[in-house]
Amino acid sequence: LPVVLLLPDYYRAITPGIPDPNFSQSAGVGLFIAYAMAGFPGYVFSATDLWVLFYAFCVGYSEYRASGYADAQNLIFGMLFGGIAPYVFAKGFIEPFGLRVAFAKTCVLCFSFVACLDVIETRLGFNAWRWLFDRFFPGQGQSWVTTFRFGLARAAGPYAHALLNGIMMLVAFRLQRWLEWSGAWPDWNARWRWVPIRPARMLTLIVTGGLVFSLAKGSWLASFVGATLTAVGRVKSNRSLAMVAILGALVLVGIPATVNFIAYASVGRENAKDANQETSAYRYEMIEDYIGIAAQEPLWGWGLTKWPAIPGMASIDNHYLLLLLMHGRLAMLAFLYLLWGTMIRLMVYGLRQPPRGPPGSALSFTLAGIFLGYTIAIATVFMGQQTIPMFFMLVGWAESYMSRNTPEGVALTKDGQAQQQVASKPFRFRRVL
336 LPVVLLLPDY
346 YRAITPGIPD
356 PNFSQSAGVG
366 LFIAYAMAGF
376 PGYVFSATDL
386 WVLFYAFCVG
396 YSEYRASGYA
406 DAQNLIFGML
416 FGGIAPYVFA
426 KGFIEPFGLR
436 VAFAKTCVLC
446 FSFVACLDVI
456 ETRLGFNAWR
466 WLFDRFFPGQ
476 GQSWVTTFRF
486 GLARAAGPYA
496 HALLNGIMML
506 VAFRLQRWLE
516 WSGAWPDWNA
526 RWRWVPIRPA
536 RMLTLIVTGG
546 LVFSLAKGSW
556 LASFVGATLT
566 AVGRVKSNRS
576 LAMVAILGAL
586 VLVGIPATVN
596 FIAYASVGRE
606 NAKDANQETS
616 AYRYEMIEDY
626 IGIAAQEPLW
636 GWGLTKWPAI
646 PGMASIDNHY
656 LLLLLMHGRL
666 AMLAFLYLLW
676 GTMIRLMVYG
686 LRQPPRGPPG
696 SALSFTLAGI
706 FLGYTIAIAT
716 VFMGQQTIPM
726 FFMLVGWAES
736 YMSRNTPEGV
746 ALTKDGQAQQ
756 QVASKPFRFR
766 RVL
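As numbered in the numbering used here, the sequence shown has no gaps in its residue numbers, which increase by one up to the final residue, 768.
Printed below as a string of structure tokens:
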């Protein structure tokens, strides 16, 4: 996890004739070999595995068909050890070995470290990761430049772009809120009791700052909408009614908002009144123009870079459109199942579970909120760099969580037994049913 979350993915060890791995893929190779030699402990096959393999096959074959093996080998290697391997690790390790809280805590601590450095990047426009690694990988990080908004630098951290940083911090915020609501963080020891903010709340504020410093409005919106699903998990009774109310509110608000946004964005870039409207108009025109190009290669797509580029539209700021262009409808179908199918299954699973544990400790609605956040955020940016292995880890975690039928609000120990729910300090009474 620290390799994936703290080291940039855009630096590679380039060797002629073989794939060029980045940090996380290199770690994935060694871990996967060790995991295979141990007999894949904890891993149990399920139908979702076929969808993951099908998606990886569609992506790899699409690029092989468009560019040949020499160009496709890096993408195939990336799907194997940046997609399939993280999925298998998360599915085989987190729930079977009682590492749910440990996994979430490791993620939050790594994200908190990134968020602290984001303060420097936002104030000075100085990316610490590029400063450290550019000297070892000459020229590889130069394409990832700092962007600005509201007169401030948009913090990208080790995730290449501020919009991708926003997605990662969205995940961090939701995992940290789940840990805080579950009472997973201990209080300060006696030496630090004078600190007015408890550790759990301090970490929440830190990752919230990381999300804010990305200055990514799409991720802000995604965080807000994703929180509506998570709120269902905080309801102790009538969760179905709460779900209907929230979905109804989203529909009532979403339809007029969509109509107004289309009217706002469809004026054309030349008629835009400000930079925000110009950006929206660009994305609207981009979808209109590129959807016809995607229809020319509907099944397998054009490959990573082979589609006819439209002058003035080099950047495709919508992952759904980009995936359709690059890898076609089959890859899109598999991806949407992994994203939306997993989210819907988590919602159904959570509604069927009796509420237990502290309010907000329902993991199903936390994960569903993250997937809903992904759904909205990647409509404004491509899903690249570390957001890919993080996505597959979340899918693997959710699949193992649901297939093992783990009770809501309960963490498992290494022997598969439910841990006792212990009240937070200062009283530490055990909750006994």
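We treat Cβ as the ideally placed atom computed from N, Cα and C, and that holds for glycine.
Asked	Found
Contact check, G545 vs A439, beta carbons under 8 Å	no
Residues near D624 in its chain [Cβ-Cβ closer than 6 Å; skip 5 each side]	I645
Beta-carbon proximity list for Y672, same chain, < 6 Å, skipping 5 on both sides	W386
Those residues which DSSP pairs with A488 across a bridge	F483
Close-in-space but distant-in-sequence residues of the same chain around A562 (CB under 7 Å, 5 per side omitted)	G704
Residue closest to Q511, alpha-carbon to alpha-carbon, out of A491, P633 and P534	P534
Beta-carbon gap between G840 and M661 smaller than 8 Å	The structure shown does not extend to residue 840, since the chain is modelled only from 336 through 768, so no value can be given for it.
Element boundaries [alpha helix (DSSP H), containing V506]	A497 to S517
Contiguous beta strand (DSSP E) assignments of at least 3 residues, all confined to the region 351-398	none
Between the CA atoms of P633 and R574 - distance to the nearest angstrom	41 Å
Inter-stretch contact at 8 Å, needing at least 3 Cβ pairs: the region 676-686 / the region 640-657	no
Alpha carbon of F471 to alpha carbon of A507, nearest angstrom	29 Å
Backbone CA spacing between P521 and L514 [nearest angstrom]	11 Å
Pair within 8 Å by beta-carbon distance, P493 and P343	yes
Alpha-carbon to alpha-carbon, A566 and R400	45 Å
Backbone secondary structure at Y655 - three-state DSSP	helix
Neighbourhood of A629 by C-beta, 6 Å cutoff - its chain only, sequence neighbours within 5 removed	L659 and L660
Rounded distance between the beta-carbons of Y378 and V423, thought under 8 Å	6 Å
The region 461-481 touching the region 420-437, judged by at least three CB pairs closer than 8 Å	no
For W479, the nearest candidate out of A495, F468 and G518 (CA to CA)	A495
Element boundaries [alpha helix (DSSP H), containing Y404]	Y404 to M414
Expected contact under 8 Å - CB spacing of G692 and S517 to nearest Å	7 Å
Within-8 Å CB hit, M725 to chain C	Included in the structure is just one protein chain, with no chain C present.
Reference I723; option with closest CA among R739, F706 and M737	F706
Beta-carbon proximity check, S549 vs N611, cutoff 8 Å	no
As assigned by DSSP and simplified to three states, the class of L639	coil
Where L747 falls: helix, strand or coil (DSSP)	Unreliable placement is indicated for L747, whose pLDDT of 46 sits below 50; the coordinate value is still reported in the next sentence. In this structure, L747 counts as strand in the three-state DSSP scheme.
Spatially closest choice to R347 from I353, Y619, F428 and F358, by CA coordinates	F358
Secondary structure of T614, DSSP reduced to three states	helix
Residue interval of the alpha helix (DSSP H) (run including P633)	Segment: none, P633 is in no alpha helix (DSSP H) and carries neither H nor E.
Check whether F559 and M504 have beta carbons under 8 Å apart	no
Contact check, M414 vs A391, beta carbons under 8 Å	yes
Beta-carbon proximity of P431 to S735, cut-off 8 Å	yes
As assigned by DSSP and simplified to three states, the class of K571	coil
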